[in-house]
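Take a look at the structure set out below.
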Amino acid sequence: MATRIRQRLGSRFSWVNLLLWALRIGVVVLIIVGSVNTLTSEKYTAANWVSLFFSGLAQGSIYALIALGYTMVYGILLMINFAHGEIFMAGALTAYFVADATARSGFLDSNPWASIAIWLLVSMSVATLVAVLLERIAYRPLRNAPRLVPLITAIGASLFLQYTFRGLFGSNFRSYPEVAVLQGSVTILGFNIPIDQIFVILAAIIMMLGLNIFVERTKTGKSMRAVSEDKEIAGLMGINVNRVIVTTFAIGGMLAGAAGVFRGLYIPQGISPFMGFLPGLKAFTAAVLGGIGSIPGAMVGGLVLGLFESFGPNLILEGLGIEGANQLRDVIAIVLLVLVLIFRPQGIMGEKLSEEKA
Amino acid sequence: MIHVRDLSRTSKVQLALKMGLFGVILMQYLIFVGIIETFENRDLIRDVISIGTWMTLLIFAGTGYLAVWALERASNPSHEEVKIPIRRSWAVGSGAIAGVLVGASIALLVIVNSFIELRNVFVSISPELIEIVTFGRGETLAGLLIPIALATILAALTGSLYVAREDVRRTVVLSVVWVTLAALISDLIRVSLSRPGFPVFLSRTFTSSNGLTVLGTVTVVVLVIAWGIFGPRIQSRRAERIAARSEKGQRNAKYRQWGLVILLLLTLPAIVGVFPSEVLNNIGLYIIMGFGLNIVVGMAGLLDLGYVAFFAVGAYSMAVLTTAQPDIGGLGLSFWAALPFVIIITGFAGLLVGVPVLRMRGDYLAIVTLGFGEIARFLALSDWLSPFIGGAQGIIHIPNISVGPVVLRGPQVLYYLFVLAGAVALFISWRIQDSRTGRAWMAMREDEHVADSMGVNTVYYKLLAFGMGAMIASLSGALFAAKLGSIYPHSFSVLVSITALSLLIVGGIGSLPGVIAGAIVLVGLPELLREFGEYRLLIYGALLVTMMILRPEGIIPSVERARELRDDDRAQDQVFSLDDQAAAPSNPSGD
Amino acid sequence: MPPIFECEALVKNFGGLTAVNNFNLRIEQGEIVSLIGPNGAGKTTIFNLVTGFYPADSGSIRSNGHELVGLSPYQITQHGVARTFQNVRLFPNMTVLENVMVGQHSRSKSGVIGAIFRLPSFKAEEEAVREKAKKQLAFFGTRLSGYRLDEPAYRLSYANRRRLEIARAMATEASLLLMDEPSAGMNPKETEEITELIGQLRDERGFTILFIEHDMRVVKGVSDRVVAMDFGTKIAEGLYETVAQDESVVEAYLGRKSEDDTDGR
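Chains as they are written, first to last, in the working numbering: chain S, 4 to 361; chain A, 107 to 697; chain P, 32 to 296.
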């Protein structure tokens with residue numbers, strides 16, 4: 004009888020598929036029930052939701068910038084640069100000292116925008132340097148090794164970077180100085196939106212647009228796309244594959260470095276050598292969510308993740324009666340990652356990279 | 107690298123400078139990261155020289171050695187049998203040039219630090235550090251010149267050593283290595299020699315509370331020299347004896363060897379004492395987990411980065427079932443009564459993890475399992491589940507393990523439980539490897555698609571791997587809970603997973619003795635070298651990266667995996683690339 | 032007696048593209064049938080459908096009367112269908128013998144318990160599997176025996192790798208062997224050998240064989256029957272001579288003769 008059912012369904016039927024469908028339905032039901040509960044309980048006002056929306060976008064922009072580094076490296080080398088979170092950290096932490104100096108010397112107060120520019124410069128330079136060194140020392144020798152090997156190397160590099168920075172700067176938590184210009188909020192359509200969030204969102208969008216133009220219009224960008232399609236053939240066409248790879252890492256580093264400063268502007272606290280792990284994991288989630296290997300995907304994925312994290316606890320988890328929902332905010336990203344990888348590994352923009360090139 | 111045999115003077119100098127630069131980077135790295143400063147507290151040879159200073163000197167010397175090595179490599183690019191010997195003058199010169207750079211970098215550091223208080227940013231550049239690297243002279247002219255001089259001289263000396271007679275070179279290098287090692291584990295030696303049964307004077311003569319004694323150092327050097335002289339003869343006579351043995355004799359010899367090993371294994375806790383036994387137990391924890399993870403990663407090829415989840419489930423279920431704590435479910439079962447349930451529950455957890463990831467490959471599988479591991483930790487920490495499993499407060503009042511009326515307490519006693527569990531895990535792994543199941547896993551690992559075509563039910567075998575791996579992890583978790591008497595969520599971090607995976611890789615994936623080797627290196631050594639404790643993970647990271655680049659097949663590689671990871675071996679007639687194997691079933695447009 | 036293999040109204044679509052269109056085929060026990068057609072005709076897709084890697088959209092595939100549609104690949108192997116691949120896919124790091132022993136997986140059953148406790152049933156089965164594997168390898172003479180048994184598969188020459196793959200498929204004790212371009216990459220002498228081999232597989236070991244081929248020497252040399260495909264449909268079927276001269280077959284391979292065709296092009 005089971006065989007007859009299978010035949011009728013045509014495609015392969017199995018217990019596994021059944022379980023996975025049950026999981027899908029379960030998740031959707033939970034989301035709907037939770038959301039409906041919260042919304043009908045009218046615990047939160049429209050202003051609350053708008054505030055959550057913008058904070059989600061701001062956080063999401065930061066994730067997006069980091070995610071771009073993951074996705075570009077994966078697109079070209081088919082490897083997950085596990086240590087990318089540490090590149091973000093390197094930029095953020097190093098720029099902190101510069102920021103601190105500008106604050107103490109008063110330069111920050113007199114020239115806030117110039118200060119921020121300097122921070123960005125430092126952060127992006129350091130992050131790029133670390134990224135390029137990483138590629139040269141740890142990844143290049145392993146270009147042709149089976150998948151497991153570069154992954155382990157990346158993990159090792161991640162640990163090494165974390166503890167190197169800890170040795171260099173100590174494990175204390177630092178805080179970026181407050182930037183007066185970015186304090187306060189503007190009122191749009193009756194809602195109060197913090198200026199720092201708007202700044203981060205806009206800055207990130209500008210950078211992403213810049214990247215898009217670079218990848219689509221410039222010769223280097225075209226080489227990058229070629230190499231990500233087929234490394235060998237691109238090489239045969241006269242493209243300097245090594246240089247392209249280094250460029251990719253460098254750009255990823257720059258974006259991550261920028262993300263570091265934006266993070267410091269948006270959430271000043273918690274700057275430490277270990278601040279990269281969780282954002283790194285979440286940014287990777289974002290990259291996968293958007294479709295790993297796809298640059299627009301990383302941008303979209305980042306924003307979506309930010310929003311999900313922002314709305315999730317209050318909208319869904321509380322509606323389901325889970326206490327201390329805010330604690331579980333970090334878990335949301337991970338759960339989302341797991342779900343995406345199970346049900347739609349190609350992500351939103353769907354570049355079926357997982358199957359073909361795997 | 108230059109491929110011309112006769113390098114010009116300029117290029118030789120350039121090479122030496124380049125090597126000097128590496129030395130500078132290493133020296134400055136160790137300084138800025140704080141390793142030099144931290145190790146200042148420990149002496150290599152008590153009251154004679156500290157480990158921090160010793161490291162500095164080693165780097166000076168090493169740079170010189172490196173410079174000449176590079177020179178030799180550049181002059182003999184094709185690795186021919188007959189090497190062009192480096193003239194002594196050039197050896198000394200290269201070394202000196204490289205050494206000068208290193209010394210100068212230190213001087214520069216001291217000068218800069220005198221103007222800018224580097225400590226505001228770089229926490230390790232303390233006055234103590236300056237003292238160390240100036241060899242006690244501080245910010246004086248002597249303090250600047252001495253490092254430069256010392257570095258130049260030492261590097262020149264080792265450069266010259268490189269081209270010296272082979273046996274002299276070997277003796278010096280080995281002496282340095284062994285003295286360093288002995289000093290690093292001097293505490294262990296001291297504790298062991300202090301055990302009842304050893305003459306009292308032994309521990310105090312060779313070791314002290316802070317490093318080796320002068321006499322101890324001399325002894326090590328003498329031993330090295332002695333081995334250098336008598337060693338080869340002893341070894342060749344032994345080889346003759348072994349070859350002369352009959353087959354039966356060889357078998358007997360093997361049994362005797364194993365017998366000795368087992369005897370040592372069983373008496374170890376008594377020999378080494380309490381603290382080292384505790385270390386051994388921690389190694390044991392990871393050996394058990396290593397065997398379990400080896401089934402998942404090594405045999406079935408499923409890259410699991412979230413193994414800690416199973417360890418946690420094992421520990422927590424044991425805790426919940428046996429604890430006397432009133433507010434947690436505690437059934438108050440005994441360890442042995444709870445154990446079967448713990449194993450089954452964890453096995454089930456293995457299936458839970460396995461089902462969603464059935465369709466995934468490689469990297470994705472790794473990330474998802476990592477995610478699962480983190481989810482497990484978050485849940486353990488959460489307030490939401492704390493009524494059941496304790497939340498951030500953990501679970502306490504977990505009773506000791508007893509066998510009948512006898513309560514098993516203390517590291518030296520629990521040791522035997524770890525050995526037992528480890529032996530069970532080893533036995534299971536060993537037996538499964540060479541069986542239909544093992545073959546099915548290996549086929550699946552090599553090419554899942556084809557394995558399916560050959561009749562291997564990959565769904566079943568993947569779940570089996572996860573299930574068995576989980577069950578073995580639960581042994582480790584159960585022992586962990588009972589040993590500590592209380593468990594807290596922070597013990598179950600991603601670091602456990604990373605350590606378990608790392609020890610597999612460093613030891614040699616798929617190789618059972620490799621698991622043991624890996625655990626000893628990655629878990630045992632850091633415990634012994636206590637100061638390393640802070641830098642343990644830094645060394646892990648560096649070790650992982652280095653191993654992957656230099657020796658991906660591990661310390662004790664398994665035969666098949668070594669083949670996979672080294673692509674030297676080629677087919678009789680053509681290059682056979684593993685990439686060919688990765689092709690999926692033909693795409694629709696093909697036929 | 033049901034035919035050893037039967038395909039009825041088989042259909043497979045990929046998105047908008049119809050890869051297999053109403054395909055029918057019947058193979059009797061002991062036949063050697065070849066499947067030909069230009070690239071993109073759908074031949075390998077048929078193989079993937081039969082072995083369960085693509086789920087069929089509709090239609091039926093039966094082996095010895097058993098319905099195969101809806102089964103998992105490993106179950107299909109259990110039902111007596113085995114396959115070799117266009118680009119030889121061995122288990123490169125397993126030894127020659129181990130590769131073939133994996134083929135025996137569906138004909139053996141010991142599990143974890145047997146392995147751990149080395150039960151007598153386990154040991155007996157291991158021995159049997161090993162012997163059967165050696166027997167399959169012996170079919171290829173000295174090329175794949177002796178010291179070669181313990182060599183890792185990646186060390187074999189190309190032709191030997193093909194043979195090993197066939198041995199592995201033989202070890203599944205299938206009734207029907209699907210071979211995907213068995214002579215790909217071979218020189219004329221090796222091609223001759225493989226043509227003979229296919230015949231021997233049927234004559235000496237009783238396999239029924241369906242193979243995809245582009246090399247007409249092999250097709251002509253050993254097929255009882257030829258089936259030609261293009262654009263997912265069967266366009267001709269019969270003896271080699273008949274099919275080779277069929278107009279639609281020629282057109283499929285060489286293109287249509289245009290009206291104002293002048294000779295030479």
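For each residue, glycine too, the CB sits at the ideal point set by N, CA and C.
Discussion item. Output needed for residue 677(A): all residues of its chain with C-beta closer than 8 Å, excluding positions within five of it in sequence on either side, in chain order.
Written reply: Locating residue 677(A) in the second sequence gives position 571, counting from the first residue. Only weak support is given to the placement of residue 677(A): the predicted model assigns it a pLDDT of 49, under 50, and the value that follows is read from those uncertain coordinates. Closer than 8 Å at the Cβ level, and outside the excluded window around residue 677(A), lies no residue.
Worksheet entry | Test: residue 556(A) CB closer than 8 Å to a CB of chain P | By one-based count along the second sequence, residue 556(A) stands at place 450. Interface residue, yes.
Worksheet item: Under 8 Å between C-beta atoms, does residue 647(A) make it to chain S?
Response: As a working note, residue 647(A) is residue 541 in the second sequence. Yes, because at least one Cβ of chain S sits closer than 8 Å to the Cβ of residue 647(A).
Worksheet item: What residue ranges within the stretch 245–307 of chain A form continuous alpha helix (DSSP H) runs of no fewer than 4 residues, ordered along the chain?
Response: 247–268, 272–290 and 292–299
Discussion item. Cutting at 8 Å between CB atoms, please list the residues of its own chain near residue 122(P), excluding the five before and the five after it.
Written reply: The residue you call residue 122(P) lines up with position 91 of the third sequence. Cβ neighbours of residue 122(P) beyond the five flanking positions: 129, 130, 133 and 184.
Worksheet item: Taking the Cβ atom as the reference point for each residue, do residue 266(A) and residue 194(A) lie within a distance shorter than 8 Å?
Response: For the purposes of this step, residue 266(A) is taken as residue 160 along the second sequence, with counting starting at 1. For the purposes of this step, residue 194(A) is taken as residue 88 along the second sequence, with counting starting at 1. Yes, they are a contact pair.
Worksheet item: Looking only at its own chain, which residues have a Cβ that is under 7 Å from the Cβ of residue 662(A), when we skip the five neighbours before and after it?
Response: Residue 662(A) sits at position 556 when you count from the first residue of the second sequence. Within the same chain, residue 662(A) has close Cβ partners 613, 614, 617, 619, 620 and 623.
Fill in: Closer than 8 Å at the beta carbon, the chain S residues around residue 474(A)
Position 368 of the second sequence, counted from the first residue, corresponds to residue 474(A). Close to residue 474(A), with beta-carbon spacing below 8 Å, are these residues of chain S in chain order: 340, 341, 344 and 345.
Discussion item. Residues in the same chain with beta-carbon distance under 7 Å from residue 249(S), minus the five sequence neighbours each way, listed in chain order, please.
Written reply: Sequence index remark: in the first sequence, residue 249(S) carries index 246 (1-based). These residues qualify, in order along the chain: 135 and 138.
Worksheet entry | residue 81(S): first and last residue of the uninterrupted alpha helix (DSSP H) it sits in | If you number the first sequence from 1, residue 81(S) lands on position 78. For residue 81(S), there is no enclosing alpha helix (DSSP H), as DSSP marks it with neither H nor E.
Worksheet item: Quick one: which chain P residues come within Cβ less than 7 Å of residue 552(A)?
Response: Within the second sequence, residue 552(A) is the residue found at index 446, counting from 1. In chain order: 122, 123, 124 and 125.
Discussion item. Can you give me the C-alpha to C-alpha distance between residue 347(S) and residue 86(P), rounded to a whole angstrom?
Written reply: Your numbering for residue 347(S) matches position 344 in the first sequence. Your numbering for residue 86(P) matches position 55 in the third sequence. In a straight line, the C-alpha of residue 347(S) is about 19 Å away from that of residue 86(P).
Worksheet item: Is the beta carbon of residue 229(A) less than 8 Å from the beta carbon of residue 100(S)?
Response: Translated into the one-based positions of the second sequence, residue 229(A) becomes position 123. Translated into the one-based positions of the first sequence, residue 100(S) becomes position 97. Taking 8 Å as the Cβ cut-off, residue 229(A) and residue 100(S) do not qualify as a contacting pair.
Discussion item. Using CA atoms only, rank isn't needed, just tell me which of 60(S), 71(S) and 164(S) is closest to residue 214(S).
Written reply: Here residue 214(S) corresponds to residue number 211 of the first sequence, with the count starting at 1. It is 71(S).
Worksheet item: What are the boundary residues of the alpha helix (DSSP H) that residue 333(S) is part of?
Response: For the purposes of this step, residue 333(S) is taken as the residue at position 330 of the first sequence. 332–346 is the extent of the alpha helix (DSSP H) around residue 333(S).
Worksheet item: For the stretch 129–152 of chain P, which residues have a CB atom closer than 9 Å to at least one CB atom of chain A, in sequence order?
Response: 129, 130, 132, 133, 134, 135, 136, 137, 138, 139, 140, 141, 142, 143, 145, 146, 147, 148 and 149
Worksheet entry | Cβ-based burial, residue 558(A) [other Cβ within 10 Å; buried from 16] | Taking the first residue of the second sequence as position 1, residue 558(A) is located at position 452. With 16 or more Cβ atoms within 10 Å of its Cβ, residue 558(A) is classed as buried.
Worksheet item: Name the DSSP beta bridge partners of residue 269(P), please?
Response: In the third sequence, the residue the question calls residue 269(P) occupies position 238. Per DSSP, 257(P).
Practice prompt. From the DSSP output, in three-state form, read off residue 209(P) for me.
Written response: Translated into the one-based positions of the third sequence, residue 209(P) becomes position 178. Residue 209(P) falls in the strand class under three-state DSSP.
Practice prompt. Determine the chain A residues that contact residue 163(S) at a beta-carbon separation under 7 Å, and present them in chain order.
Written response: Within the first sequence, numbered from 1, the residue matching residue 163(S) stands at position 160. Here the neighbours are 644, 647, 648 and 651.
Worksheet item: Taking Cβ-Cβ distances shorter than 7 Å, what residues in chain P pair up with residue 563(A)?
Response: Here residue 563(A) refers to the residue found at position 457 when the second sequence is read from its first residue. Residues of chain P passing the Cβ test: 105.
Worksheet item: Does the beta-carbon of residue 296(P) have 16 or more other beta-carbons within 10 angstroms, so that it is buried, or is it exposed?
Response: Taking the third sequence and counting its residues from 1, one reaches residue 296(P) at position 265. Bear in mind that the predicted position of residue 296(P) carries a pLDDT of just 45, short of 50, making it too unreliable to give a figure here.
Worksheet item: Secondary structure at residue 86(P), three-state DSSP: helix, strand or coil?
Response: For the purposes of this step, residue 86(P) is taken as the residue at position 55 of the third sequence. Coil at residue 86(P), not helix or strand.
Discussion item. Suppose the cutoff is 6 Å on Cβ atoms and the five residues either side in sequence are ignored; what does the same chain contact list for residue 89(P) look like?
Written reply: Within the third sequence, the letter at position 58 stands for residue 89(P). 42.
Discussion item. On a Cα-Cα basis, can you pick out the residue from 135(P), 269(P), 262(P) and 268(P) that is closest to residue 283(P)?
Written reply: For the purposes of this step, residue 283(P) is taken as the residue at position 252 of the third sequence. Of the candidates 135(P), 269(P), 262(P) and 268(P), the one whose C-alpha sits nearest the C-alpha of residue 283(P) is 262(P).
Worksheet item: So which of 142(A), 261(A), 593(A) and 397(A) has the shortest CA-CA distance to residue 198(A)?
Response: Position 92 of the second sequence, counted from the start, is the residue given in the question as residue 198(A). Ranking the options by Cα distance to residue 198(A), first place goes to 261(A).
Worksheet item: Can you tell me where the alpha helix (DSSP H) with residue 139(P) in it begins and where it stops?
Response: Locating residue 139(P) in the third sequence gives position 108, where the first residue counts as 1. No alpha helix (DSSP H) holds residue 139(P); DSSP gives it neither H nor E.
Worksheet item: Going by DSSP, what residues sit across from residue 86(A) in a beta bridge?
Response: This structure does not reach residue 86(A), given that chain A is present from 107 up to 697, and the question cannot be answered.
Fill in: Contacts that residue 469(A) makes with chain S (C-beta to C-beta distance below 7 Å)
Mapped onto the second sequence, residue 469(A) falls at position 363. Simply 83, 150 and 154.
Practice prompt. Give me the Cα-Cα distance between residue 117(S) and residue 123(S), rounded to the nearest whole angstrom.
Written response: Within the first sequence, residue 117(S) is the residue found at index 114, counting from 1. Within the first sequence, residue 123(S) is the residue found at index 120, counting from 1. Rounded to whole angstroms, residue 117(S) to residue 123(S) spans 10 Å at the Cα level.
Item to complete: Inspect the beta-carbon positions of residue 561(A) and residue 136(P) and report whether they are closer than 8 Å.
Response: The sequence position of residue 561(A) within the second sequence is 455, counting from 1. The sequence position of residue 136(P) within the third sequence is 105, counting from 1. For residue 561(A) and residue 136(P), yes; Cβs fall inside 8 Å.
Worksheet item: By DSSP, does residue 467(A) sit in helix, in strand, or in coil?
Response: Residue 467(A) sits at position 361 when you count from the first residue of the second sequence. Residue 467(A): coil per DSSP, three-state reduction.
Worksheet item: Is residue 228(A) helix, strand or coil when you go by DSSP?
Response: On the second sequence, position 122 is the one that residue 228(A) refers to. The answer is coil: DSSP assigns residue 228(A) none of H, G, I, E or B.
Worksheet item: At least one CB of chain P closer than 8 Å to the CB of residue 424(A): is that the case?
Response: Here the question's residue 424(A) lines up with position 318 in the second sequence. So no, residue 424(A) is outside the interface.
Discussion item. Let me check one thing: in DSSP terms, what residues is residue 317(A) bridge-paired to?
Written reply: Locating residue 317(A) in the second sequence gives position 211, where the first residue counts as 1. Answer is 314(A), bridged to residue 317(A).
Practice prompt. Locate the beta strand (DSSP E) running through residue 41(P), then write down its first and last residues.
Written response: Within the third sequence, numbered from 1, the residue matching residue 41(P) stands at position 10. Note, residue 41(P): beta strand (DSSP E), 36–45.
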